[in-house]
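*Asks:* Quick note: the sequence shown uses the working numbering, first residue 88, plus one each step.
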Amino acid sequence: MSRTQWRADETKRDRHAHYAKKVMAVFIHHTDTPNGYDCADVPRTLRNLYTGQTRDRSWGDLGYNFLVDKCGTIYEGRAGGADRPVVGSHTLGFNQGTVGIAAIGTFGSGTTVPAVMEQAIAALAAWKLGLSGIDPTSKVRLTSTNDQSRYPKGTSTEFDAISAHRDGFATNCPGEALFSQLPAIRTMAARLQGKSLRAPSGAGLPASLRNLQLSGH
Numbered sequence: 088m089s090r091t092q093w094r095a096d097e098t099k100r101d102r103h104a105h106y107a108k109k110v111m112a113v114f115i116h117h118t119d120t121p122n123g124y125d126c127a128d129v130p131r132t133l134r135n136l137y138t139g140q141t142r143d144r145s146w147g148d149l150g151y152n153f154l155v156d157k158c159g160t161i162y163e164g165r166a167g168g169a170d171r172p173v174v175g176s177h178t179l180g181f182n183q184g185t186v187g188i189a190a191i192g193t194f195g196s197g198t199t200v201p202a203v204m205e206q207a208i209a210a211l212a213a214w215k216l217g218l219s220g221i222d223p224t225s226k227v228r229l230t231s232t233n234d235q236s237r238y239p240k241g242t243s244t245e246f247d248a249i250s251a252h253r254d255g256f257a258t259n260c261p262g263e264a265l266f267s268q269l270p271a272i273r274t275m276a277a278r279l280q281g282k283s284l285r286a287p288s289g290a291g292l293p294a295s296l297r298n299l300q301l302s303g304h
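Spelled out as structure tokens, the structure:
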């Protein structure tokens, strides 16, 4: 679902998006919001997050590049083009050249991560990493840009191509339940990426992701 579809107020954000050369890695987050939502109400939740992150945190826009709900719908987060390497504000020290994908909800220990949510996250990660030729199961090297991250500024560190917020910053995000599913998400993303390379453009992708490809500029 595009920003237009969830009715983002474009007057609230910075006018100009910032871009990296390419996407090297994906960081997985959760929004730390209640899980008992109706998926029809997610656009309102996004608008509330958007207000908080622009007005209260002064991030200039939503920090996450994308968000995924428990029904498997993918939402365009930060503006600038869904298929472009937009720099977000999601993992302090490692925003450059990465994508932040947030699962809408709270995924602490014992919480069930919906299968359709995992599948959508995997498909989105496969697509974004595939645009840069990155295997979702590979390791990548990133350089910290901020001393407040887990690594001092200037430190070059190896990450999984699909990592958790906690891997780059001192936090429990994305929660134990979602963190434990990352190996399966990496495997699924690699499988989906392989299929997409052998299929016509857009084949096998969730409808919401295909829509973002068309409307993400």
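For every residue, glycine included, the Cβ atom is placed at its ideal position computed from N, Cα and C. Predicted, not measured: the structure shown is a model, and the values here were computed from it.
#1: Applying the 10 Å Cβ sphere with the 16-neighbour rule, what's the burial state of ALA202?
#2: Over the uninterrupted alpha helix (DSSP H) stretch that includes ALA212, give me the two end residues.
#3: Label LYS109 either buried or exposed according to how many other C-beta atoms from any shown protein chain fall within 10 Å of its C-beta, with 16 as the threshold for buried.
#4: Do GLY147 and ASP96 have their CB atoms nearer than 8 Å?
#5: Would MET55 and VAL129 qualify as a contact pair, given that the criterion is a beta-carbon distance under 8 Å?
#6: Taking only three categories from DSSP, how would you classify THR274?
#7: Do the stretch 226 to 242 and the stretch 186 to 197 make contact, defined as three or more Cβ pairs closer than 8 Å?
#8: Can you tell which of GLY150, THR141, PHE266 and VAL227 has its C-alpha closest to the C-alpha of SER176?
#9: So what does DSSP say about LYS226, is it helix, strand or coil?
*Replies:* This is what the structure holds:
#1: Numbered from 1 along the sequence shown, position 115 holds the residue referred to as residue 202. With fewer than 16 other Cβ atoms within 10 Å, it is exposed.
#2: As a working mapping, residue 212 is identified with position 125 in the sequence shown. ALA212 -> alpha helix (DSSP H) spans 202 to 217.
#3: Residue mapping note: residue 109 aligns to position 22 of the sequence shown, counting from 1. Classification of LYS109: exposed, given that the 10 Å Cβ count is below 16.
#4: Here residue 147 is taken as the residue at index 60 of the sequence shown, counted from 1. Here residue 96 is taken as the residue at index 9 of the sequence shown, counted from 1. Result no, Cβ atoms of GLY147 and ASP96 do not sit closer than 8 Å.
#5: Limits of the chain in this structure are 88 at one end and 304 at the other, which puts residue 55 out of reach.
#6: Walking along the sequence shown from the start, residue 274 turns up at place 187. Here THR274 sits in helix by DSSP.
#7: no
#8: By 1-based counting over the sequence shown, the position of residue 176 is 89. It is GLY150 whose Cα lies nearest to the Cα of SER176.
#9: Translated into the one-based positions of the sequence shown, residue 226 becomes position 139. Three-state result, LYS226: strand.
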